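Just below is one structure, and these are the notes that go with it.
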Amino acid sequence: MSGASGLMTPERCLIRDTARDFTFNEVLPVANRLDPEQGDIPDALRAQLADMGYFGIRIAEEYGGSGLGCFEYCLVAEQLARGWMSVASIIARGNGMLIADLVTPEQKRDILPRVARGEYLCAAALSEPDTGSDLASISCRAELRGGEWVITGNKYWCTFADGADYLVLFARTAPPPDPTRRHLGISAFIVDKPRGALPPNTQGAPIPKIGYFGWKTWELAFDGLRVPASAQIGEPGKAFYALTKGLDEARAHTAARSIGLAQGALEDATAYAQQRVQFGQPISEFQVTRFKLAKMATEIEAARQLLYFVCDRIDAGERCDREAAMVKYFASEMAERVTSEALQILGGAGYTKLHAVERYWRDARLTKIFEGTSEIQLRIISDSLLGKPKA
Ligand SMILES: Cc1cc2nc3c(=O)[nH]c(=O)nc-3n(C[C@H](O)[C@H](O)[C@H](O)COP(=O)(O)OP(=O)(O)OC[C@H]3O[C@@H](n4cnc5c(N)ncnc54)[C@H](O)[C@@H]3O)c2cc1C
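Each residue of the sequence shown is one higher than the one before, counting from 4 in the working numbering.
Shown next as structure tokens:
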């Protein structure tokens with residue numbers, strides 16, 4: 004793995020290599036055992052992630068975090084995804100994501116140390132049955148009644164709704180002022196809940212997804228869920244801005260996960276090709292296999308270097324929505340191609356649950372869909388080139 008980039012300081016190489024060792028020792032064996040049976044990330048592994056400080060990479064030191072940048076966060080996420088994508092994702096349920104910019108200084112002192120210790124992890128309740136790419140169309144409602152917020156409506160795709168300590172829920176608290184400003188009137192809420200259960204007055208069922216195992220993804224129905232007035236965070240009706248502010252980092256994190264999956268597939272396919280003998284020689288001697296591996300490695304490195312560039316811009320406080328969309332798009336499309344080629348190199352063995360490559364392939368497929376689909380990334384990039392289309 005390249006460490007030659009000027010951005011890869013000795014400290015960053017150490018962070019990356021430590022995460023890689025942790026992944027090989029602690030994550031991969033658990034993933035290989037539990038993913039085939041669709042098991043959840045065990046509490047013990049969650050505790051180990053907390054001990055490593057991975058839930059607090061992005062949290063300031065004064066709140067008990069490491070105070071590191073998006074760069075370091077993505078280095079760790081790439082390595083964890085090389086083991087199990089859900090583990091690379093669960094660290095985003097700490098790190099203060101979505102809430103850090105919305106809570107008051109007092110709430111920060113209360114909440115962020117617990118987040119950094121992995122004791123207060125979130126599930127994101129944004130998407131709804133009729134609200135996916137178009138998040139401004141959120142229709143789940145919250146009404147202030149008798150000093151409490153009463154939440155009514157449906158959410159869909161809420162990953163970790165059971166295992167989390169709270170939901171970050173986006174709901175409509177006011178109608179949009181006009182059809183061109185549908186993003187206004189949406190507010191954010193912290194919905195506390197017991198770990199291992201759904202909130203009260205909430206019905207839910209896991210969605211039968213085809214991958215991203217390690218945790219469940221839920222459809223939820225709220226029928227008069229009551230939360231205290233203090234559960235509403237940030238400026239009322241303006242939560243959409245907080246959402247868009249965090250998108251660059253979320254896209255970088257998804258690119259890192261994609262790269263980790265592709266790297267895992269490349270390494271596994273390389274090892275397999277060197278030991279699998281056909282026609283009297285290892286299949287790694289066939290030029291077609293060698294060239295496949297060479298192309299896979301090249302694509303991964305191109306994505307990784309673009310990711311480093313984007314992370315560096317984010318950490319410098321520069322706006323880079325176009326570049327973040329580019330790396331999310333490029334890395335996730337790359338991950339699908341590379342993991343598919345890896346599966347091909349394994350032949351029939353690749354199409355079994357006996358090798359991790361099928362997991363990398365299934366999980367890579369998702370990276371093109373969540374955190375903004377590939378088509379939405381292309382919209383952002385093309386709008387920046389051409390301006391928004393008139394229609
Ligand atoms: C396994 C999984 C876990 C998830 N976890 C969470 C979670 O924890 N919390 C959460 O809130 N959400 C979560 N999501 C939801 C995810 O963010 C959405 O699936 C994603 O945003 C796409 O929305 P959609 O599925 O409704 O697709 P749609 O928005 O209906 O899109 C369908 C198709 O139309 C295309 N399309 C839509 N609009 C446009 C456009 N303007 N231009 C061009 N093409 C367009 C899309 O690219 C796509 O190909 C999860 C999803 C999955 C699959």
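Where is the CB? At the ideal position from N, CA and C, for every residue including glycine. Small disclaimer: the values here were computed from a predicted structure and weren't measured.
Around the beta carbon of R260, 16 or more other beta carbons lie within 10 angstroms, which makes this residue buried.
Boundaries for W87: no alpha helix (DSSP H) harbours it, and the DSSP string shows neither H nor E there. P179 carries a coil assignment under DSSP once its states are collapsed to helix, strand and coil. DSSP, read as helix, strand or coil, puts R184 in helix.
Ranked by Cα distance from L170, the first of E109, Q235, A139 is Q235.
DSSP places P13 inside the alpha helix (DSSP H), whose first and last residues are 13-25. Look at W364 here: in three-state DSSP terms it is helix. Burial state of F192 is buried, judged by a 10 Å Cβ sphere holding 16 or more other Cβ atoms. At least one heavy atom of ligand 1 sits closer than 7 Å to the Cβ of W160. Taking 3 residues as the minimum length, the beta strand (DSSP E) runs contained wholly in the region 210-297 are 220-231, in order along the chain. V33 sits in a helix when the DSSP states are folded into three classes. Each residue's CA atom was taken as its position, placing I372 and L17 some 32 Å apart.
According to the DSSP secondary-structure assignment, K331 is paired through a beta bridge with no residue. Where L115 is concerned, the enclosing alpha helix (DSSP H) starts and stops at 108-119.
Secondary structure of I60 (DSSP, three-state): coil. For a cut-off of 8 Å, the C-beta gap from L101 to Y311 is around 24 Å, too long to register as a contact. Looking from the CA of L129, the closest CA among T205, Q110, T292, K158 belongs to K158. Between the C-alpha atoms of G214 and E131 there is a straight-line separation of about 20 Å.
With 16 or more other Cβ atoms from the protein chains shown falling within 10 Å of its own Cβ, F25 counts as buried. C-alpha of A224 to C-alpha of A167: approximately 17 Å in a straight line. A residue is called buried when at least 16 other Cβ atoms come within 10 angstroms of its Cβ; D38 meets this threshold and is buried. Contact between the region 307-321 and the region 68-82 is present: three or more C-beta pairs spanning the two stretches fall below 8 Å. In terms of Cβ geometry, G59 and A119 form a close pair [threshold 8 Å].
Within the chosen limit of 7 Å, ligand 1 does not reach the beta carbon of F333 with any heavy atom. As computed with DSSP, T134 is found in a beta bridge with E131.
Our two residues, D43 and Y363, have alpha carbons roughly 17 Å apart in a direct line. The way I'd put it, the region 372-383 does touch the region 316-331; three or more beta-carbon pairs between them come closer than 8 Å. Per the coordinates, the alpha-carbon of P197 lies some 9 Å from the alpha-carbon of P203. DSSP places I384 inside the alpha helix (DSSP H), whose first and last residues are 377-389.
For E146, same chain residues with a beta-carbon under 6 Å away, outside a window of 5 residues either side, are V153 in chain order. Comparing C-alpha distances from K241 to each of A359, L31, S377, F173 shows the shortest one belongs to F173.
When the five nearest sequence neighbours on each side are left out, the beta carbons in the same chain lying within less than 6 Å of the beta carbon of A84 are those of A91, R260, G263, L264, in order along the chain. Check the Cα spacing between D181 and each of P285, T220, A139, T155: the tightest is with A139.
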